[in-house]
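Under UniProt numbering, the residue at position 153 of the sequence shown is numbered 153, and the numbers go up by one with no gaps.
Using N, Cα and C, we set each Cβ at its ideal position, and we do this for glycine too.
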Amino acid sequence: MPGLISRLYRGDINIDFVGKRKIWYGLSVFLLAVSILGLALNGLNLGVEFRGGSVFDFTRTPGSSIEQVRETVADAGVHQVIVQQAGPNWRVTTESLGSGEVTKVQSTIAQKYGIEEDQVSSQVIGATWGGEVSQKAWIGLAVFMIAIMLYLSVAFEWRMALAAIVALVHDLVITAGVYAWSGFEVTPATMLGFLTILGYSLYDAVVVFDMIKEVTGKLGTSAKMTYTQAANNALSHTLIRSLNTSLVAILPVAAILFIGTTLLGAGTLKDLSLALFVGMIVGTYSSLCVATPILVTLKEREPKWQALAQRVHAKQVSAAKTATKEPVPAGSQKVTATEKRKKR
């Protein structure tokens, strides 16, 4: 194992990522199908900031639980009750309530847990504000995608831009699918996380594409490797960099997600950290196993690289035939002549 890790860090291990593209495509299709199914069946659990509603916050008392708080608020005549732990407080989200209903909920909570009514803070958020946030988020996403397409087309080429955009959409859909199946609330912090993972995924893809551009730029008519082989070689050299970058970025996010939300009850951070955690893992996978195979598939259709592949294949076949011809050992004919004289 230490030898394997050492070879991995030196870039001596050549993993055929592109050659196994059917496996990666199949895995991605499966993940996308599961994600789309989750979005179709469950949808996204939009936070109160998007759908509007009333929010109540009060200090947690010893012995209180999520089920207990939910039943208490429901007894006040509320139908949609979502209870979350937010640090030392309980955060209760309901449908939009009138002023009389808000007062009734505050009074019920105060009586149940022995606190003053003014210690139960309330906030009413309109759906109009949430609609504006959603609209701005979609506009920001569209502007981001267009800017990325233009940048990659100028810095590299349109095929790399297309492969990167496909990988970004792939990452977004799978991350959204995780939210749909897990039931995690989608808040403005979640949208911020989505935009952040787009930048991270793009960075990883650009690093890989830059190496591929450098390696394949040296291929001439007398090259001994095809575009596919050169792309694999580039991936092997950037593999450890991608893994190190991902590991360093994922560890603190995982600490926020698993330690901060479970032990410290940082509910707001949970919305952001889940998007970052899933997006970073999927982004690392897509830059290696989705974006690059798609790029190679597009490049293999160019006449220039098709002709190079044919020449390399012809050279390999010729070398194989030469290797199968075993040379006659030196002196074997002399021995045979001597034996003939003895027989005479």
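Please classify residue i as buried or exposed, where buried requires at least 16 neighbouring CB atoms within 10 angstroms.
| i | result |
| --- | --- |
| residue 301 | exposed |
| residue 170 | buried |
| residue 56 | buried |
| residue 69 | buried |
| residue 333 | With a pLDDT of 49 at residue 333, under the threshold of 50, the modelled position of that residue is not reliable, and the figure given next carries that caveat. Per the 10 Å Cβ criterion, exposed. |
| residue 321 | exposed |
| residue 318 | exposed |
| residue 15 | exposed |
| residue 26 | exposed |
| residue 201 | buried |
| residue 315 | exposed |
Hey, quick one: how far does the beta strand (DSSP E) through residue i stretch, first residue to last?
| i | result |
| --- | --- |
| residue 59 | 53 to 59 |
| residue 106 | Counting along the chain, residue 106 falls outside any beta strand (DSSP E), though it belongs to the alpha helix (DSSP H) covering 99 to 113. |
| residue 124 | 121 to 125 |
| residue 92 | 89 to 94 |
For the alpha helix (DSSP H) containing residue i, list its first residue and its last residue.
| i | result |
| --- | --- |
| residue 68 | 66 to 74 |
| residue 232 | 227 to 254 |
| residue 182 | 158 to 182 |
| residue 219 | Element bounds for residue 219: n/a, residue is neither H nor E. |
| residue 257 | No alpha helix (DSSP H) contains residue 257, which DSSP labels as neither H nor E. |
| residue 62 | Unbroken run through residue 62: none, as it is neither H nor E. |
| residue 290 | Run containing residue 290: none; DSSP gives neither H nor E here. |
If you reduce the DSSP assignment to three classes, tell me which class residue i lands in.
| i | result |
| --- | --- |
| residue 18 | coil |
| residue 80 | coil |
| residue 324 | helix |
| residue 190 | helix |
| residue 185 | strand |
| residue 141 | helix |
| residue 202 | helix |
| residue 44 | coil |
Consider the C-beta atom of residue i and the heavy atoms of the ligand SAM; say whether any pair is separated by less than 7 angstroms.
| i | result |
| --- | --- |
| residue 167 | This structure simply doesn't include the ligand SAM, nor any ligand for that matter. |
Any Cβ of chain C within less than 8 angstroms of the Cβ of residue i?
| i | result |
| --- | --- |
| residue 43 | Chain labels in this structure do not include chain C; a single protein chain is all it has. |
Cβ contact check for the region 66 to 74 and the region 205 to 212: 3 or more pairs under 8 angstroms: no
Validate contact between the region 33 to 48 and the region 302 to 313 using beta carbons, cut 8 angstroms, 3 pairs: no
Three or more C-beta pairs below 8 angstroms linking the region 288 to 302 and the region 163 to 179: yes
Three CB pairs or more closer than 8 angstroms across the region 142 to 155 and the region 176 to 187: no
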